[in-house]
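Novice: For the sequence shown, the positions run 461 to 561 when my numbering is used. We put the beta carbon where it would ideally sit given N, CA and C, even for glycine. Take this structure, written in structure tokens, and hold onto it; I'll ask about it next.
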Amino acid sequence: METIEEVANQLESMNITKTSKQNDNKTTKCNENKVNSNQPQEQTEPTKKLKNLRKRLREVEALEEKLKNGLVPKPEPDQLAKIKRKNDLLMQIHELEKQLQ
């Protein structure tokens, strides 16, 4: 097993060279993404949160439908708690939609 010093010495003696055009393109794309990621997160955060809330609402509505149709004969407590939070989800979605307009 090598010691930390041996590994560090090996790393220092290595030469890193450009091997292919393909790797260069990946680096360029990565750098472009970093530039784009500097856009105001104020806009992207509410959008992401809104998308997540809508997904959770769809899950609640699907669960309600299953209960209504008798596909879930004995719902678990966490499923019932999820359904109880539906109004809260709707309110949060409404607030975020107002914020994004």
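#1: Specify, as a first and last residue, the run of the alpha helix (DSSP H) that LEU531 falls within.
#2: Can you find a C-beta in chain D that's less than 8 Å from the C-beta of PRO506?
#3: Going by DSSP in three states, GLU557 sits in which element: helix, strand or coil?
#4: Whose CA, out of GLU466, LEU517, ALA541, THR504, lies closest to the CA of GLN552?
#5: Here's the rule I'm using: 16 or more other beta-carbon atoms within 10 Å means buried, otherwise exposed. How should LEU531 be labelled?
#6: Out of GLU557, LEU523, LYS509, ASN529, which has the shortest C-alpha to C-alpha gap to LYS542?
#7: With DSSP as the reference, label PRO535 as helix, strand or coil.
#8: If you compare alpha carbons, which of GLU465, THR463, LEU513, THR504 is closest to HIS554?
#9: What number of angstroms, rounded off, separates the C-alpha of LEU560 from the C-alpha of LYS544?
#10: Mark PRO533 as exposed unless 16 or more other C-beta atoms lie within 10 angstroms of its C-beta, in which case mark it buried.
Specialist: With the structure as the only source:
#1: Neither: LEU531 is in no alpha helix (DSSP H) and is coded neither H nor E.
#2: The structure shown has no chain D; it contains just one protein chain.
#3: helix
#4: LEU517
#5: exposed
#6: LEU523
#7: coil
#8: LEU513
#9: 26 Å
#10: exposed
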